[in-house]
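Visitor: Protein chains in written order, with my numbering: chain C, 1 to 109; chain D, 1 to 114.
For every residue, glycine included, the Cβ atom is placed at its ideal position computed from N, Cα and C.
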Amino acid sequence: RKEVEQDPGPFNVPEGATVAFNCTYSNSASQSFFWYRQDCRKEPKLLMSVYSSGNEDGRFTAQLNRASQYISLLIRDSKLSDSATYLCVVGRNTDKLIFGTGTRLQVFP
Amino acid sequence: DAMVIQNPRYQVTQFGKPVTLSCSQTLNHNVMYWYQQKSSQAPKLLFHYYDKDFNNEADTPDNFQSRRPNTSFCFLDIRSPGLGDAAMYLCATSRGDREADTQYFGPGTRLTVL
């Protein structure tokens, strides 16, 4: 079993739709959680950190459920420019981060 | 204001011909990482440096080596590239003042092996 699991998608949604991604992690000692965005043939870029209290950045909302060991990302009012792969990333008590394989989102007009 | 710079962006080499990829950072971060990413896969950590301390991943082949001559620069040497080493190579940095910290990636070097 992979340490970080995501539905690879693709999620195909129309502009303006709301879309949600989930991610599960297996190690209960995990302590840092992130969503990264990766465009085709580009590097991953930090989208947002995820906190236990949940956090929101504009149209993006991230939630963490430690009891169930899952992380979610909600995107409201999807834009064409949101089309990308979203990587769920988890860290433990080391310098290393564990990356999921990503969920691909395609927003169409 | 490039913060993590990788050179070259595209590298073509021949089977078995050594190649060196370069990464530099202007963030003054303590930790530098090298990842290998193949199509539709997660970035795979090869090794990282905390300052001058080298940390190799258990499953990184001996064919891959790294050097960090100073805080700003880190190199990835592939001694004898095989066809299976064709991938995107990503360099990343983090402050290192707390565990599991945010990592910042360079634009990557796409390696082709002929």
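Can you tell me whether residue 59(C) sits near the ligand NAD, meaning its C-beta is under 7 Å from at least one heavy atom of the ligand?
Guide: The ligand NAD is not part of this structure, which contains no ligands at all.
Visitor: What residues of chain C sit near residue 113(D), judged by a beta carbon separation below 7 Å?
Guide: For residue 113(D), there are no C-beta contacts with chain C under 7 Å, since the nearest C-beta of that chain is about 17 Å from it.
Visitor: Would residue 44(C) be called buried (16 or more neighbouring beta carbons within 10 Å of its own) or exposed?
Guide: buried
Visitor: Is DSSP giving residue 83(D) helix, strand or coil here?
Guide: helix
Visitor: Taking only three categories from DSSP, how would you classify residue 82(C)?
Guide: helix
Visitor: List the DSSP bridge partners of residue 3(D).
Guide: Residue 3(D) pairs with nothing; no bridge assigned.
Visitor: Pull the bridge partners of residue 97(C) from the DSSP assignment, please.
Guide: As DSSP reads the structure, residue 97(C) sits in a beta bridge with 91(C).
Visitor: With DSSP collapsed to three states, give me the class of residue 29(D).
Guide: coil
Visitor: Quick check on residue 56(C): does DSSP put it in helix, strand or coil?
Guide: strand
Visitor: From this set, 86(D), 90(D), 100(D), 39(D), which residue's C-alpha is nearest residue 17(D)'s C-alpha?
Guide: 86(D)
Visitor: If you run the structure through DSSP and keep just helix, strand and coil, what is residue 63(D)?
Guide: coil
Visitor: Could one say the Cβ of residue 16(D) lies closer than 8 Å to chain C's Cβ atoms, at least one of them?
Guide: For residue 16(D), the closest Cβ of chain C is not nearer than 8 Å.
Visitor: Between the segment 4 to 37 of chain D and chain C, which residues of the former have a C-beta closer than 7 Å to a C-beta of the latter?
Guide: 31
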